[in-house]
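Student:
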Amino acid sequence: MHNHSCSCGHDHHHNPDHGERGTRFVFWLTVITMAVEIFSGWIFGSMALLADGWHMASHAGAMAVAWFAYVWARKNADNPDLVFGAGKVNALAGFASAVGLILVALYMAGESLTRLFSPVPISFGPATLVAVLGLAINLVSAWWLRDEDHVHSHDHNLKAAYMHVLADALTSILAIFALLGGKYYGLNWLDPAMGIVGALVIGRWAIGLMRETGWILLDRRADKDLHADILRRIEQGGEIRVRDLYAWNVGPRRLAAHVTVEDASPRPPEFYKDLLAEVAHLEHVTVEVHSCPCPAESRDQVCPEADHA
1 MHNHSCSCGH DHHHNPDHGE RGTRFVFWLT VITMAVEIFS GWIFGSMALL
51 ADGWHMASHA GAMAVAWFAY VWARKNADNP DLVFGAGKVN ALAGFASAVG
101 LILVALYMAG ESLTRLFSPV PISFGPATLV AVLGLAINLV SAWWLRDEDH
151 VHSHDHNLKA AYMHVLADAL TSILAIFALL GGKYYGLNWL DPAMGIVGAL
201 VIGRWAIGLM RETGWILLDR RADKDLHADI LRRIEQGGEI RVRDLYAWNV
251 GPRRLAAHVT VEDASPRPPE FYKDLLAEVA HLEHVTVEVH SCPCPAESRD
301 QVCPEADHA
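Going by my numbering, the residue at position 4 of the sequence shown is 4; the numbering climbs one at a time, nothing skipped.
#1: Could you check if Y272 is buried or exposed, using at least 16 other CB atoms within 10 Å of its CB as the buried criterion?
#2: So which of H258, S97 and I122 has the shortest CA-CA distance to G61?
#3: Take V261 and list the residues in its own chain whose beta-carbon comes closer than 8 Å to its own, dropping the five residues that flank it on each side.
#4: Can you tell me whether S118 is buried or exposed, with buried defined as 16 or more other CB within 10 angstroms of its CB?
#5: Between A131 and S172, is the Cβ-Cβ spacing less than 8 Å?
#6: Assess contact between the stretch 70–83 and the stretch 192–208, defined as three or more Cβ pairs (one per stretch) separated by less than 8 Å. Is contact present?
#7: With DSSP run on the structure shown, which of helix, strand or coil describes W189?
#8: Which ranges does the beta strand (DSSP E) cover as unbroken runs of at least 3 residues, wholly within the stretch 225–307, from first to last along the chain?
#9: Within 10 angstroms of its Cβ, does S265 collect 16 or more other Cβ (buried), or is it exposed?
#10: Across the stretch 87–95 and the stretch 107–115, are there enough close Cβ pairs to call them in contact, namely three or more that are closer than 8 Å?
#11: Checking 8 Å against the spacing of the C-beta atoms, do I216 and N249 come in under that value?
#12: Could you tell me if W67 is buried or exposed, where buried requires 16 or more neighbouring beta carbons within 10 angstroms of its beta carbon?
#13: Is DSSP giving F39 helix, strand or coil here?
#14: In the structure shown, what three-state DSSP assignment does R220 receive?
#15: So, helix, strand or coil for G87, using DSSP?
#16: So R254 packs on H281, CB below 8 Å; how close in whole Å?
#17: Taking Cβ positions, are V279 and D229 nearer each other than 8 Å?
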């Protein structure tokens with residue numbers, strides 16, 4: 001006996017309202033702040049402000065990508081061509097944002113090294129004032145994107161946007177520290193030195209996000225605890241053995257699984273699906289059933305070839 005089941009019918013919708021609203025708000029806030037910093041840097045002749053303004057421009061672009069991802073996922077939630085829904089667009093946007101963050105970090109490091117060996121004059125007063133304003137805007141943005149319901153571990157698009165805001169806040173703090181040191185203690189080298197430190201921290205954040213989202217895009221198997229939970233629920237009676245098990249992420253807080261079971265007394269696939277009904281976030285389950293007299297304890301024993309008729 002060899003039964004193939006269809007996947008469980010689940011709603012592909014994932015509520016992106018918080019992420020979409022927050023990203024839209026922060027995008028416009030970032031664009032306004034970027035314009036103020038670039039204009040102020042040009043007026044006051046401050047390269048530091050111009051650099052920070054263009055740095056924020058790259059983050060505004062990242063916010064636009066994140067916003068687009070939410071809109072696209074919402075509009076394509078019921079697209080029949082997307083087998084598991086549009087959930088992975090969040091991981092894709094997060095990966096793209098991570099690449100953008102790495103490019104920003106490389107630019108910051110290169111620009112800072114150039115200024116370290118070829119200092120430029122800085123208008124400390126106006127530059128510090130605008131840097132403080134930028135920090136305040138970043139703190140408001142971070143609060144708006146805060147992790148109220150612990151969604152950052154699931155919504156990588158929102159996490160990427162949040163990390164861009166934190167990166168902006170970090171550069172603002174380092175800029176204020178460097179500008180004050182240069183103004184009151186003549187430590188002009190602090191400005192490029194803090195730029196290098198900021199680039200290293202941002203690069204580390206970006207690599208971590210790239211690794212996390214990359215594994216999701218490559219359909220890496222879900223964590224071992226989930227596998228153990230599925231095995232326990234199906235094999236708890238001792239009569240059923242799980243021969244193959246694949247579980248992976250298909251979107252924020254959304255999991256899929258393909259299970260091959262061997263049972264001495266085969267039952268309809270729905271029976272085995274019901275055993276997994278309480279597994280959190282498991283939305284798509286496909287069950288393949290084989291007839292086999294082997295007890296579940298004999299995991300290493302090979303069962304007779306199943307009848308495919």
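Virtual Cβ for every residue (Gly too), placed ideally from N, Cα, C.
Tutor: According to the data block:
#1: As a working note, residue 272 is residue 272 in the sequence shown. With 16 or more other Cβ atoms within 10 Å, it is buried.
#2: The count along the sequence shown starts at 1 and reaches residue 61 at position 61. Looking at the Cα atoms, S97 is the closest of the given residues.
#3: Locating residue 261 in the sequence shown gives position 261, where the first residue counts as 1. For V261, where only same-chain residues beyond five positions count, the Cβ hits under 8 Å are I234, I240, R241, V242, R243, Y272, V287, E288, V289 and H290.
#4: The residue labelled residue 118 in the question sits at position 118 within the sequence shown. When all chains shown are included, S118 counts as exposed.
#5: Stepping through the sequence shown from its first residue, residue 131 is reached at position 131. Stepping through the sequence shown from its first residue, residue 172 is reached at position 172. Yes.
#6: no
#7: Here residue 189 corresponds to residue number 189 of the sequence shown, with the count starting at 1. Of the three classes helix, strand and coil, the one that applies to W189 here is coil, per DSSP.
#8: 240–251, 254–263 and 282–291
#9: Taking the first residue of the sequence shown as 1, we reach residue 265 at position 265. With fewer than 16 other Cβ atoms within 10 Å, it is exposed.
#10: no
#11: The residue labelled residue 216 in the question sits at position 216 within the sequence shown. The residue labelled residue 249 in the question sits at position 249 within the sequence shown. Taking 8 Å as the Cβ cut-off, I216 and N249 qualify as a contacting pair.
#12: Taking the first residue of the sequence shown as position 1, residue 67 is located at position 67. Buried: at least 16 other Cβ atoms inside 10 Å.
#13: By one-based count along the sequence shown, residue 39 stands at place 39. Reduced to three states, the DSSP call for F39 is helix.
#14: Counting from 1 along the sequence shown, the entry for residue 220 is found at position 220. Note: R220 maps to coil in three-state DSSP.
#15: On the sequence shown, position 87 is the one that residue 87 refers to. DSSP places G87 in coil when its eight states are reduced to three.
#16: For this step, residue 254 is matched to residue 254 along the sequence shown. For this step, residue 281 is matched to residue 281 along the sequence shown. Confirmed, Cβ separation roughly 6 Å.
#17: Start at 1 with the first residue of the sequence shown, and residue 279 comes out as number 279. Start at 1 with the first residue of the sequence shown, and residue 229 comes out as number 229. Yes, Cβ-Cβ distance for V279 and D229 is below 8 Å.
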